[in-house]
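Asks: In terms of the numbering used here, the sequence shown opens at residue 6 and continues consecutively. In this text, a Cβ means the ideal position worked out from N, Cα and C, and glycines have one as well.
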Amino acid sequence: MPEPVVPSLIRATARLQFRGRMTLDDATALVPQFARLGISHLYASPLLVACPGSTHGYDTVAYDRIDPALGGEIALMNLSSRLHAHGMGLLLDIVPNHMATDDHNPWWMDVLTWGRASPHADWFDIDWTVPDPDLRGRVLLPFLDRPLAEALAAGALAMQYDVPSGLFFIHHHSHRFPLCPTGYGGLLAAVRAPGQVLANFTTLAMRGGPGAEAQVALSALRQWAATAEGRSAIARITNLHNAAGNAARTRLAAVLEHQPWRLAWWRTAATRINWRRFFDITGLVSLSVERESVFDAVHAYVFSLYRRGLIDGVRVDHIDGLSAPAAYCQRLRERLGRLSRLRPDSALPGAVIYVEKILLPDEQLPAAWPVDGTTGYDFMDQVAAVLHDPAGADALERLWAACDGDAQALEPMVRTARAHLLDHSFAAEFNRLVSLLDAALRHRGDICKTDDMQAALKTLLMHFRPYRTYFGDEAVQDHTADVTALNAARAAAMPCLDQDQGRALENMMRVMSARPEHAPPVCVRRAQQAFEHLTAPLAAKSLEDTAFYRYGRLLSRNEVGADPGTLSMPVAGFHACCADRLRHYPDALLATATHDHKRGEDARARLMVLSEMAGEWETTVQGWFVGNGATDTAGPDRVDEIMLYQTLVGAWPLEPFANGTARQHFRDRILGWQTKALREAKRHTGWIDPDVAYEDACAAFATRLLDPAISGDFLHQMESLVARIAPAGALNGLSQTLLRLTTPGVPDLYQGCDLWDFSLVDPDNRTPPDFLHRAALLEQSTRFSAAAATWRTGRVKQDLIRRILSFRQQYPDLFARGTYEPVTLNGPDRDHAIAFIRRHGPLRLLVVAPRLPLAMRPGADTLALGREMGLSLAMSAEGAQWHSLLGDVPQRITRPFERGNVPLVCLIHDADISGRLKI
Numbered sequence: 006m007p008e009p010v011v012p013s014l015i016r017a018t019a020r021l022q023f024r025g026r027m028t029l030d031d032a033t034a035l036v037p038q039f040a041r042l043g044i045s046h047l048y049a050s051p052l053l054v055a056c057p058g059s060t061h062g063y064d065t066v067a068y069d070r071i072d073p074a075l076g077g078e079i080a081l082m083n084l085s086s087r088l089h090a091h092g093m094g095l096l097l098d099i100v101p102n103h104m105a106t107d108d109h110n111p112w113w114m115d116v117l118t119w120g121r122a123s124p125h126a127d128w129f130d131i132d133w134t135v136p137d138p139d140l141r142g143r144v145l146l147p148f149l150d151r152p153l154a155e156a157l158a159a160g161a162l163a164m165q166y167d168v169p170s171g172l173f174f175i176h177h178h179s180h181r182f183p184l185c186p187t188g189y190g191g192l193l194a195a196v197r198a199p200g201q202v203l204a205n206f207t208t209l210a211m212r213g214g215p216g217a218e219a220q221v222a223l224s225a226l227r228q229w230a231a232t233a234e235g236r237s238a239i240a241r242i243t244n245l246h247n248a249a250g251n252a253a254r255t256r257l258a259a260v261l262e263h264q265p266w267r268l269a270w271w272r273t274a275a276t277r278i279n280w281r282r283f284f285d286i287t288g289l290v291s292l293s294v295e296r297e298s299v300f301d302a303v304h305a306y307v308f309s310l311y312r313r314g315l316i317d318g319v320r321v322d323h324i325d326g327l328s329a330p331a332a333y334c335q336r337l338r339e340r341l342g343r344l345s346r347l348r349p350d351s352a353l354p355g356a357v358i359y360v361e362k363i364l365l366p367d368e369q370l371p372a373a374w375p376v377d378g379t380t381g382y383d384f385m386d387q388v389a390a391v392l393h394d395p396a397g398a399d400a401l402e403r404l405w406a407a408c409d410g411d412a413q414a415l416e417p418m419v420r421t422a423r424a425h426l427l428d429h430s431f432a433a434e435f436n437r438l439v440s441l442l443d444a445a446l447r448h449r450g451d452i453c454k455t456d457d458m459q460a461a462l463k464t465l466l467m468h469f470r471p472y473r474t475y476f477g478d479e480a481v482q483d484h485t486a487d488v489t490a491l492n493a494a495r496a497a498a499m500p501c502l503d504q505d506q507g508r509a510l511e512n513m514m515r516v517m518s519a520r521p522e523h524a525p526p527v528c529v530r531r532a533q534q535a536f537e538h539l540t541a542p543l544a545a546k547s548l549e550d551t552a553f554y555r556y557g558r559l560l561s562r563n564e565v566g567a568d569p570g571t572l573s574m575p576v577a578g579f580h581a582c583c584a585d586r587l588r589h590y591p592d593a594l595l596a597t598a599t600h601d602h603k604r605g606e607d608a609r610a611r612l613m614v615l616s617e618m619a620g621e622w623e624t625t626v627q628g629w630f631v632g633n634g635a636t637d638t639a640g641p642d643r644v645d646e647i648m649l650y651q652t653l654v655g656a657w658p659l660e661p662f663a664n665g666t667a668r669q670h671f672r673d674r675i676l677g678w679q680t681k682a683l684r685e686a687k688r689h690t691g692w693i694d695p696d697v698a699y700e701d702a703c704a705a706f707a708t709r710l711l712d713p714a715i716s717g718d719f720l721h722q723m724e725s726l727v728a729r730i731a732p733a734g735a736l737n738g739l740s741q742t743l744l745r746l747t748t749p750g751v752p753d754l755y756q757g758c759d760l761w762d763f764s765l766v767d768p769d770n771r772t773p774p775d776f777l778h779r780a781a782l783l784e785q786s787t788r789f790s791a792a793a794a795t796w797r798t799g800r801v802k803q804d805l806i807r808r809i810l811s812f813r814q815q816y817p818d819l820f821a822r823g824t825y826e827p828v829t830l831n832g833p834d835r836d837h838a839i840a841f842i843r844r845h846g847p848l849r850l851l852v853v854a855p856r857l858p859l860a861m862r863p864g865a866d867t868l869a870l871g872r873e874m875g876l877s878l879a880m881s882a883e884g885a886q887w888h889s890l891l892g893d894v895p896q897r898i899t900r901p902f903e904r905g906n907v908p909l910v911c912l913i914h915d916a917d918i919s920g921r922l923k924i
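1. Can you tell me where the beta strand (DSSP E) with H46 in it begins and where it stops?
2. For D167, list the residues DSSP reports as bridge partners.
3. On the CB-based measure, 16 or more other CB atoms within 10 Å of its CB, does H178 come out buried or exposed?
4. Here's the rule I'm using: 16 or more other beta-carbon atoms within 10 Å means buried, otherwise exposed. How should Q506 be labelled?
5. Do you know offhand how far S889's Cα is from F902's?
6. Could you check what DSSP says for R197 in three-state terms: helix, strand or coil?
7. Which residues does DSSP pair with S877 in a beta bridge?
8. Enumerate in chain order the residues of its own chain whose CB-to-CB distance from E685 is below 6 Å, with the five nearest sequence positions on each side excluded.
9. Label R604 either buried or exposed according to how many other C-beta atoms from any shown protein chain fall within 10 Å of its C-beta, with 16 as the threshold for buried.
10. For L876 and A838, I'd like the C-alpha separation in whole angstroms.
11. Suppose contacts are defined by Cβ-Cβ distances below 8 Å. Is L649 in contact with Y556 by that definition?
12. Would you check if there are 3 or more beta carbon pairs closer than 8 Å linking the region 739-749 to the region 852-859?
13. So what does A55 bridge to, in DSSP terms?
14. With 16 as the cutoff for other CB atoms within 10 Å, does R447 come out buried or exposed?
15. Roughly how many angstroms lie between the CA atoms of V565 and I363, to the nearest whole one?
16. Give a yes or no on whether the C-beta atoms belonging to P858 and L726 are separated by under 8 Å.
17. Excluding sequence positions up to five away, which residues of its chain have a Cβ less than 7 Å from the Cβ of R267?
18. Classify I15 as buried or exposed, calling it buried when 16 or more other Cβ atoms lie within 10 Å of its own Cβ.
19. Mark S224 as exposed unless 16 or more other C-beta atoms lie within 10 angstroms of its C-beta, in which case mark it buried.
20. In whole angstroms, what separates the C-alpha of G62 from that of M114?
21. Please go through the same chain and pick out, in chain order, the residues whose beta-carbon is closer than 6 Å to the beta-carbon of V10, but skip the five residues on each side of it.
22. Note down, in chain order, each residue of its chain lying with its Cβ closer than 7 Å to the Cβ of R813, except the 5 sequence neighbours on either side.
23. Using a Cβ-Cβ distance under 8 Å, would I647 count as near chain C?
24. Taking the straight line between their C-alpha atoms, what separation do you get for P768 and G171?
25. Can you check whether the CB of R797 is closer than 8 Å to the CB of T824?
26. Determine the extent of the alpha helix (DSSP H) in which T636 is found, giving its start and end residues.
27. Which residue wins for smallest C-alpha separation from V66, given the options L97, T118, V303 and L153?
28. On the DSSP bridge list, what partners appear for V321?
29. Going by DSSP in three states, H689 sits in which element: helix, strand or coil?
30. Go to T243, then tell me how far its alpha helix (DSSP H) extends in each direction, as first and last residue.
31. Please list the terminal residues of the continuous alpha helix (DSSP H) segment that includes V527.
32. Restricting to runs no shorter than 4 residues, where is the alpha helix (DSSP H) found entirely within the region 269-322?
33. Of the residues G570, M27, T540 and L765, which one's Cα is nearest the Cα of T60?
34. Out of V360, W692 and L337, state which residue places its alpha-carbon closest to the alpha-carbon of V928.
35. Please give the ranges of any alpha helix (DSSP H) in the region 548-627, keeping only runs that are unbroken, at least 4 residues long and fully inside the region.
36. Using 8 Å for Cβ pairs, my map puts A122 next to G214. What's the rounded Cβ distance?
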């Protein structure tokens, strides 16, 4: 093995989704391939121990080790060693916000075992003082498949003894819930257990919680249970509670009554839950990571990995789920900085911290967060918006309005979704917030009617746009943006309220905007945090997980981090975003695909083309509405139908189906997307109460459309449309790739996206890529124009990435700290390009990316321009020697797009570069 290369600072990341068919050993084998591509850091999905069979790793059950299912720490050490040998590093996705409510989670199980006496009782965000007397001091467990009384009557609950732990459990399908040992004395006395065993549990009942007495009692029970007498007695205990008949059911109900938890039907979670979940997922419980003891326990092993040089930075999942994000980031930065001095010499200097954060277009990361930037959703929105044609808005709006009554504008659609979610998913959280606000107001001497508070608060939540405010944070910081957001929501809400409701809102606003440096009482702080813990999931669920599946004007804008109501962004706006990122977060990640995207980056790029031919698209779809006869069946309606057509256009393969199996595979992917889309929309069907008849009708319609024997005319039209727009879609895909690689920030490559990405929403977008195929293509060395001549293979995209990343590797400072200088475009075709210069010392990089490429008439086989372009750069290039990273140098630098050439320009100027440039 060659001598390890000391890694340089982060230049480009490659995101890998572990689990499934990707282990740490698999990733180790891929390191040379990523090094060849020009990647500086692998970017790993969560690697710590997750639920058995987890497909994503965000359902953590233990923070103290690498998941053995992935190969454990030894495999991570091998990966790290291979990365270091290639001068590369590793970023780790960490999940400090929540854990799985799974019996493999020892912290959670300890809370269920001992209740408030558990040392982990305050590690989770549990409301032990909920007004409901049945839940006060207890944890609601809404995991039953039916109401508790029915579960007892049906024998769906069973008591079993677990030998390794010495605990009794209640089993219900795959769930098991521990019985508190303080009550074991009564169970054991009924079968005349040995006196010392009974005495031990009598003492434990007096102590009321875990400790040495508990260990002694459980150890004695395990020993006795291992004897023939003990096994027989344990069997009698379980039979007394599991046998058929009312007597056993009554005994079991009595045992349940004395537990530190309450079993409940899963449907009651929305109205009764007394602990904070990740969004509305009852399988994930939120941590109180703002507590230093919890922070230390969650991060100790991650810090050990960093100190030993096994990882080089972190990506923090769902930062807005934390109670105190600024305090968390400051603590995280301080700890990593302190450990940096202890790292091996071969490790990267410093530590990068990225946060998963959804930003509004006019929103900035809080300055109090000492992080390197976001994970790139903001760039994904910006680069997509600038590549859409604003001229298509009117025709797209007409087509959308023609669908049916549900084809509304986005904003009222989101408000409707928020109201539904507050009533059906977050009712418990909303009611708790009202209760906390009421307590805070009473502390201030302000008394408001509950009805007025509820009406005012619900209306405010309908109009609150960002994910959250940060008044509840523990760090002193600038709250100007928070005040602006609250005031905007209040201004929108007030016209909808009567006088008493308006007064209630004003009073609540004063509570929600109190600052920690003004020492507000604890009741105020709790109300603030409850508000901020509600607005974040409400924003995500109403837009990304509901409206994105209801609003179908143009699906290329329905993407995480984007505002689908904004079709496009002017080039000047894109330049402003890039310049702002260079000033504030020059090392922020730039993404165009993620494990959470709604459709692949190149599917979106193809759909962008429809904005250039919106009138023709309108006519085509209206013809399909008439010809395909969806209204003659039980489904889909027009909204679901137009979304299906767009999904087909975006995902349609570049090559004809090789055989019936390939066609069936495509159909299955579409049907999987369709079912998820229909349920997420929650219009006709949903996850909680699926309307099987409607879903089946929609599936039958899609299946009929994709059957050549039935829908030959439609398929011919679809294939013809895709064939016509696919070259322009490919240029859009290459354009956003070029911009991701060259604008300020660190380009992130999602797994497999070095070739075309026409994936759909998860789980489709998490399908393991064919890395062997990609490796073989990567070894093919040709001119860029030759790669473009076989563009359908995707190698042109891979070659573009390799060429630019290779140059970044040779000249990292140009991209890390070089200037960003927009170049003015002149001529009648000036809207068809985005141009800028990056400058560092004597080195200049000129980038010209295509925009609105359909009118450029790209060649069907070569992507080359099919006409002369009236476009010139307002810059002086006389006497300068330029070198091209992509294809030939234009004959005139100021007229970069030449007929017959692929319209992607990346030129270098440096008097001494010709002998050093290696691409």
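Replies: In short, the structure shows the following:
1. H46 to A49
2. L172
3. exposed
4. buried
5. One C-alpha to the other measures close to 13 Å.
6. coil
7. Under the DSSP definition of a beta bridge, S877 partners with N831.
8. D550 and Y554
9. buried
10. The straight-line gap from Cα to Cα measures roughly 8 Å.
11. no
12. yes
13. In the DSSP output, where bridge partners are listed per residue, A55 has T65.
14. Around the beta carbon of R447, fewer than 16 other beta carbons lie within 10 angstroms, which makes this residue exposed.
15. 8 Å
16. No; because the gap between Cβ atoms is not below 8 Å, this pair is not in contact.
17. Cβ neighbours of R267 within its own chain (closer than 7 Å, five residues either side excluded): D139, L140, R143, L145 and L146.
18. buried
19. Here S224 is exposed: its Cβ has fewer than 16 other Cβ atoms, across all protein chains shown, within 10 Å.
20. 19 Å
21. With a pLDDT of only 37 at V10, under 50, the local geometry of the prediction cannot be trusted, and the value read off the model is given with reservation. Only G92 meet the Cβ criterion.
22. R16, A17, G43 and F820
23. Protein chain content of the structure displayed is limited to a single chain, and chain C is not contained in it.
24. Their backbone Cα atoms lie some 39 Å apart in a straight line.
25. no
26. Premise fails: T636 is in no alpha helix (DSSP H) and is neither H nor E.
27. V303
28. I99 and V360
29. DSSP places H689 in coil when its eight states are reduced to three.
30. A233 to N247
31. V527 to L548
32. 274-277 and 297-312
33. M27
34. Residue 928 lies beyond the stretch modelled for the chain, which goes from 6 to 924, so this question has no answer here.
35. Taking only runs of at least 4 residues, the alpha helix (DSSP H) segments lying wholly in the region 548-627 are 576-589 and 606-613.
36. 3 Å
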